């Protein structure tokens, strides 16, 4: 098994869930989300980004869903096949 795994170059990536403030407010108004749940989402965000466009601005909350390892097959000479 180890030999097979070593045929790949492994890179760690973060799997992320994104929530925007408008979406959260909509869910809150519709009863699909409580104030406590909304606060929890905002509090768990590892990144908050403010977006601006011609219609105004909104915040996007990024939550870490987990780690994922992505393997890329190496050639015989240890170069990576892209």
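In the working numbering, the protein residues as written are 4 to 85.
Ideal placement from N, C-alpha and C gives every residue a C-beta, glycine not left out.
Quantities reported herein were computed from a predicted structural model and do not represent experimental measurements.
Evaluate residue i with the Cβ neighbour count: other Cβ atoms within 10 Å of its Cβ, from every protein chain shown; 16 or more gives buried, anything less gives exposed.
i: residue 15; result: exposed
i: residue 64; result: buried
i: residue 21; result: exposed
Looking only at its chain, what residues have a beta carbon closer than 7 Å to the beta carbon of residue i, apart from the 5 residues adjacent to it on each side?
i: residue 30; result: 36
i: residue 41; result: 27, 31
i: residue 44; result: 22, 27, 64, 66
Cβ of residue i within 8 Å of Cβ of residue j?
i: residue 60; j: residue 68; result: no
i: residue 78; j: residue 12; result: no
i: residue 47; j: residue 66; result: yes
i: residue 18; j: residue 71; result: yes
Just curious, the alpha helix (DSSP H) that residue i is in, first and last residue?
i: residue 46; result: 38-47
i: residue 24; result: 24-33
Rounded to a whole number of angstroms, what is the C-alpha to C-alpha distance between residue i and residue j?
i: residue 55; j: residue 4; result: 49 Å
Between residue i and the rest of its own chain, which residues show a CB-CB distance below 6 Å, the 5 nearest in sequence each way excluded?
i: residue 25; result: 61
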